[in-house]
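Residue numbers (my numbering), protein chains in the order written: chain A, 1 to 535; chain B, 536 to 825; chain C, 826 to 866. Positions of the beta carbon are idealized from the N, C-alpha and C atoms, including for glycine. All values reported here derive from a predicted model rather than from experimental measurement. Report on the following structure.
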Amino acid sequence: MSVATTTVPGHAGEHHGEHHPAGILRWLTTTNHKDIGTMYLTFALTMFFVGGAMILAVRAELWQPGLQLMKPEFFNQLIGIHALVMIFAALMPAATGFANWQIPLMIGAPDMALPRVNNWGFWLLPPAAILLTLPFTLALFGIGDGALATGWTFYAPLSVQGGLGVDFAIFAVHILGVSSILGSINIIVTIFNMRAPGMTMMKLPLFAWGWLITAFLLIATIPVLAGAVTMLLTDRHFGTHFFDAAGGGDPILFQHLFWFFGHPEVYILLLPVWGLMPHVLATFSRKPIYGYKAQVYGFIGIGVLSVIVWAHHFFTVGMPVPALIYFMFSTMAISLPLAVLFFCWIATMWKGAMSFETPMLFATGFIVLFGIAGLTGLVLADVAADAQYHHSYFVVAHFHYALFAGGIMGVMTGVYYWLPKWTGHMYDEKLGKWHFWLTVVSFNLTFIPQFFLGLAGMPRRIPDYALQFTEFNMISTVAAFILGLSQLLFAYNIWKCVKGGPKASDKVWEGAEGLEWQLPSPPPYHSWETQPVVK
Amino acid sequence: MTESMAAQPHSHHYHVPQPSLYPFILSGGMFTLALGFILKMNGFAPGPWVMLGGVGIILYVLFGWFGKVIGESQAGAYRDWEDKSFRYGMVWFIASEVAFFAAFFGALFYVRTISVPELGNMVSAHGTTLWPDFTGAWPSAGPKGAQFTPMGAWGIPALNTALLLSSGVTVTWAHWALLKNKRTQLNLGLAATVLLGATFLGFQAYEYYHAYHELGLTLGAGAYGATFYMLTGFHGFHVTLGAIMLTVILGRTLKGHFTPERHFAFEGVAWYWHFVDVVWLLLFVLVYWL
Amino acid sequence: MNANFTEAELAQRRTASRRMAWLIGAVVLAIYIIGFFFKRG
Numbered sequence: 001m002s003v004a005t006t007t008v009p010g011h012a013g014e015h016h017g018e019h020h021p022a023g024i025l026r027w028l029t030t031t032n033h034k035d036i037g038t039m040y041l042t043f044a045l046t047m048f049f050v051g052g053a054m055i056l057a058v059r060a061e062l063w064q065p066g067l068q069l070m071k072p073e074f075f076n077q078l079i080g081i082h083a084l085v086m087i088f089a090a091l092m093p094a095a096t097g098f099a100n101w102q103i104p105l106m107i108g109a110p111d112m113a114l115p116r117v118n119n120w121g122f123w124l125l126p127p128a129a130i131l132l133t134l135p136f137t138l139a140l141f142g143i144g145d146g147a148l149a150t151g152w153t154f155y156a157p158l159s160v161q162g163g164l165g166v167d168f169a170i171f172a173v174h175i176l177g178v179s180s181i182l183g184s185i186n187i188i189v190t191i192f193n194m195r196a197p198g199m200t201m202m203k204l205p206l207f208a209w210g211w212l213i214t215a216f217l218l219i220a221t222i223p224v225l226a227g228a229v230t231m232l233l234t235d236r237h238f239g240t241h242f243f244d245a246a247g248g249g250d251p252i253l254f255q256h257l258f259w260f261f262g263h264p265e266v267y268i269l270l271l272p273v274w275g276l277m278p279h280v281l282a283t284f285s286r287k288p289i290y291g292y293k294a295q296v297y298g299f300i301g302i303g304v305l306s307v308i309v310w311a312h313h314f315f316t317v318g319m320p321v322p323a324l325i326y327f328m329f330s331t332m333a334i335s336l337p338l339a340v341l342f343f344c345w346i347a348t349m350w351k352g353a354m355s356f357e358t359p360m361l362f363a364t365g366f367i368v369l370f371g372i373a374g375l376t377g378l379v380l381a382d383v384a385a386d387a388q389y390h391h392s393y394f395v396v397a398h399f400h401y402a403l404f405a406g407g408i409m410g411v412m413t414g415v416y417y418w419l420p421k422w423t424g425h426m427y428d429e430k431l432g433k434w435h436f437w438l439t440v441v442s443f444n445l446t447f448i449p450q451f452f453l454g455l456a457g458m459p460r461r462i463p464d465y466a467l468q469f470t471e472f473n474m475i476s477t478v479a480a481f482i483l484g485l486s487q488l489l490f491a492y493n494i495w496k497c498v499k500g501g502p503k504a505s506d507k508v509w510e511g512a513e514g515l516e517w518q519l520p521s522p523p524p525y526h527s528w529e530t531q532p533v534v535k
Numbered sequence: 536m537t538e539s540m541a542a543q544p545h546s547h548h549y550h551v552p553q554p555s556l557y558p559f560i561l562s563g564g565m566f567t568l569a570l571g572f573i574l575k576m577n578g579f580a581p582g583p584w585v586m587l588g589g590v591g592i593i594l595y596v597l598f599g600w601f602g603k604v605i606g607e608s609q610a611g612a613y614r615d616w617e618d619k620s621f622r623y624g625m626v627w628f629i630a631s632e633v634a635f636f637a638a639f640f641g642a643l644f645y646v647r648t649i650s651v652p653e654l655g656n657m658v659s660a661h662g663t664t665l666w667p668d669f670t671g672a673w674p675s676a677g678p679k680g681a682q683f684t685p686m687g688a689w690g691i692p693a694l695n696t697a698l699l700l701s702s703g704v705t706v707t708w709a710h711w712a713l714l715k716n717k718r719t720q721l722n723l724g725l726a727a728t729v730l731l732g733a734t735f736l737g738f739q740a741y742e743y744y745h746a747y748h749e750l751g752l753t754l755g756a757g758a759y760g761a762t763f764y765m766l767t768g769f770h771g772f773h774v775t776l777g778a779i780m781l782t783v784i785l786g787r788t789l790k791g792h793f794t795p796e797r798h799f800a801f802e803g804v805a806w807y808w809h810f811v812d813v814v815w816l817l818l819f820v821l822v823y824w825l
Numbered sequence: 826m827n828a829n830f831t832e833a834e835l836a837q838r839r840t841a842s843r844r845m846a847w848l849i850g851a852v853v854l855a856i857y858i859i860g861f862f863f864k865r866g
């Protein structure tokens, strides 16, 4: 459907050379979408290991009941910062890195529409990451009592009463928010204004469609989060009573504001991956994408529904019954467009001449495991059932199936799929397969026990637990360490591929379709300066 | 709309700017400002000085970066294609601002229709009303809040409404002049807009002074005080930014910048000004009047 | 890997993927039906 043909050869006489400063200044000053994409992806990979190290410390503490390694306060800080780092500093930047590298190549644009703003969006991330983690270091010097200890959700009144770390996290969120909005504006403008002549919206690659809806969601919801943490800040330091019943406010107001952002955030993390999946599935099934239009409408439907279901994150807080029923049914309605996407993914493979290179392994693994996330999500969406599962390890397992198997494994799919295009080298296929199988097996061994722990009543965010939970926690901890260590293979494979390896062809994959595969591998520093014409 | 846009190949290469250090420095400035603010709020002595450093860096970048963009614009680097990017960009930036104000309007809606009435009817486990003296009627500072007099709508706020609406007219008048290349009318219209904006801000400052010293209406006056000051305060901040941007545009028109065909900066700022105007109308109705 | 397959190999893979799809479908359906015979205590 979105197969594009060109009349202008992609790279004829376009090698103007690279005009950029050498060394570190190249990266500080760059306005090039490929450089910026590389920075985003490198930053994301780095923070993936930072966030991973934090949670391995948590899993080590949970190896057996009782307190072994750390104080409960530090445990609380680790889980909250783990989440913020993984969501805002690993998954979102990885998706933005994909967007930066791929959208201009896929739509035949010479660069992103606003190149300097693009650079600003990236360079806001390291300061934000520093703000998030600095309180850990300050505490070592006796300043403050460590990082944000409320979990990533900042719930009032705990966050109103918390220490220095809350203020740091509030400003980290502000800066991350500015970065996300700048990135979103840039992506929307690029898609609307920079497409190759002849590429109508209904010929737009699905990856770009997924990101377009993501960008709309970010623009609609990130400012609401900014507003919520601003109210938190003024409640903490300037005497307002937004979340204080004595002054007519309400702590539950914070939950509404937070999850008005927080629920769409799930789709912000997933939509870029959903956009990428059909490309990979089609390539390795050697068939066109099935149901292009259905998927576009599916993205739009999920985008709209995602902003009207937020209160299912706090069913147990005490809401009127009609509100509970509304939020339950609207939440369950999301499974309809999502089922359309699943159907299209599977139908794309149906009767295909399939081969299972690493990206395809990750893509098929994604479908199965993300399916489990969807089904367990339906269980949690049920108000009556949720009264039992709320705030248990069942929820933890559910959203790790959504965000690790759905999000991170989707990112890995994209990395293996596009790395040969970016570097001009093939990655090590054998290592890639090892990485996939180790990841899938250890991921399931980490989180399947957590479903059972949750069903049995183990609460989340508690460093100690009852004796009967010991065995499952031990399995989970061992598997988590295997999962974490397997990711070193991923990093090594990327490193090896960047350094060298068998030469990748322009098309890289036999079944690949789209403008990006008409460029050389790696593409020249400036590509599509003369836009291709799509028929 | 987008279908026709992509139909024709562009006659020139898109302007991809040269490498620039400004974005990186700006990020550093924002980090410094945030760090200083955190230190100040938590009582560390260097806080205000760190903040000052951050503001200095940000101002340096604003002058440098905008100066560079204006230079590029005057040199003719931007044509229709780039112009369209800027327009789309501004539209979606304003959309994000709408969402930011929506959070505070949402909070106002919540405290007025949910939390305050609920607190008025709250019954304890023993069947007694928790706060018998508290009726839960708006305006309210909550069951334990301070005594205050709410801000009336028909004094200064009504005057301010007239001022902002007039400024919306004058900026449009200036735009018409720009389109017809009547430079005097353009300059006059812009100057009048800036003046009306500044007067608005003056009245707003007086209103705050009056509220603090005579009405007992402070930021700490419960749900009313919090929503009143955060909504009007962020609006006032946006009016300030808008007035500064209009002043810059006035400076540029006085130097002869902009043509009837190409004047994105003027329009972008005008859109922004209309946006703060609309927010004010919502404020006037929902915060002051009803 | 990045295989370039011959027409015969492609045809064989198409058949294989279709067979695998039916097999997975049958297994899922079987699990679903078997589920009806499990009673909670």
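Taking the alpha carbon of residue i as the reference point, which residue from the options has its own alpha carbon closest?
i	options	result
W350/A	R839/C, L835/C, T831/C and L854/C	R839/C
E265/A	S306/A, P65/A, H425/A and H237/A	S306/A
F601/B	R797/B, I784/B, E802/B and Y823/B	I784/B
T348/A	P288/A, W120/A and Q161/A	P288/A
L281/A	I188/A, I482/A, M360/A and K421/A	M360/A
T439/A	R460/A, F481/A, Y427/A and P115/A	F481/A
M576/B	F394/A, A53/A and G144/A	G144/A
W27/A	W123/A, V321/A and L67/A	W123/A
P126/A	A57/A, A381/A and V178/A	V178/A
W616/B	H547/B, T684/B and I573/B	H547/B
W708/B	A693/B, A727/B, T782/B and L698/B	A727/B
L45/A	I475/A, V411/A and A512/A	V411/A
L754/B	Y764/B, F810/B and T696/B	Y764/B
W437/A	G377/A, L485/A and W259/A	L485/A
How would you call residue i, buried or exposed, if buried means at least 16 neighbouring beta carbons within 10 angstroms?
i	result
V706/B	buried
D111/A	buried
A805/B	buried
R844/C	exposed
M826/C	Residue confidence for M826/C is low, a pLDDT of 46 falling below 50, so the modelled location carries little weight and cannot support an answer.
E832/C	exposed
F238/A	exposed
A245/A	buried
M202/A	exposed
N119/A	buried
G860/C	exposed
F74/A	buried
V537/A	Absent from the model: residue 537/A. The displayed extent of chain A is 1 to 535, so no value can be given.
For residue i, return the contacting residues in chain B, with the cut-off set at a CB-CB distance below 8 Å.
i	result
H313/A	Per Cβ cutoff of 8 Å: no residues; H313/A is ~16 Å from chain B at best.
F136/A	Near F136/A there are no residues of chain B at all, since even the closest Cβ is about 15 Å away, more than 8 Å.
P115/A	V551 and P552
N119/A	S555, P558 and F559
Along chain C, which residues have their Cβ under 9 Å away from the Cβ of residue i?
i	result
W350/A	S842, R843 and A846
Rounded to the nearest angstrom, how far is the Cβ of residue i from that of residue j, given a contact under 8 Å?
i	j	result
L736/B	A778/B	7 Å
V383/A	M328/A	5 Å
A638/B	V224/A	4 Å
Give the residues of chain A in contact with residue i, contact being defined as C-beta atoms less than 8 Å apart.
i	result
L835/C	R286 and A353
S702/B	Under the 8 Å cutoff, chain A gives no residues; its nearest Cβ is about 25 Å from S702/B.
In chain A, which residues lie with their C-beta within 9 Å of the C-beta of residue i?
i	result
R865/C	By Cβ distance, chain A contributes nothing, its closest Cβ being about 13 Å from R865/C, past 9 Å.
I573/B	L131, L164, D167, F168, I170 and F171
Give the interface partners of residue i over in chain B, defined as CB-CB distance under 9 Å, in chain order.
i	result
C533/A	The residue you asked about is not Cys; residue 533/A is Val in the sequence shown. Ordered by position in chain B, the residues that pass the 9 Å Cβ test against V533/A are P544.
For residue i, which residues in chain A fall below 7 Å Cβ to Cβ?
i	result
L654/B	A245 and G248
Checklist entry - What residues in the region 806–818 of chain B have a beta carbon less than 7 Å from any beta carbon of chain A? => result From the region 806–818 of chain B, no residue has a Cβ closer than 7 Å to chain A.
Next on the checklist: If the cut-off is 7 Å on Cβ atoms, which residues from the region 138–157 of chain A count as contacting chain B, listed in chain order?
Outcome noted: Those would be none; no residue qualifies.
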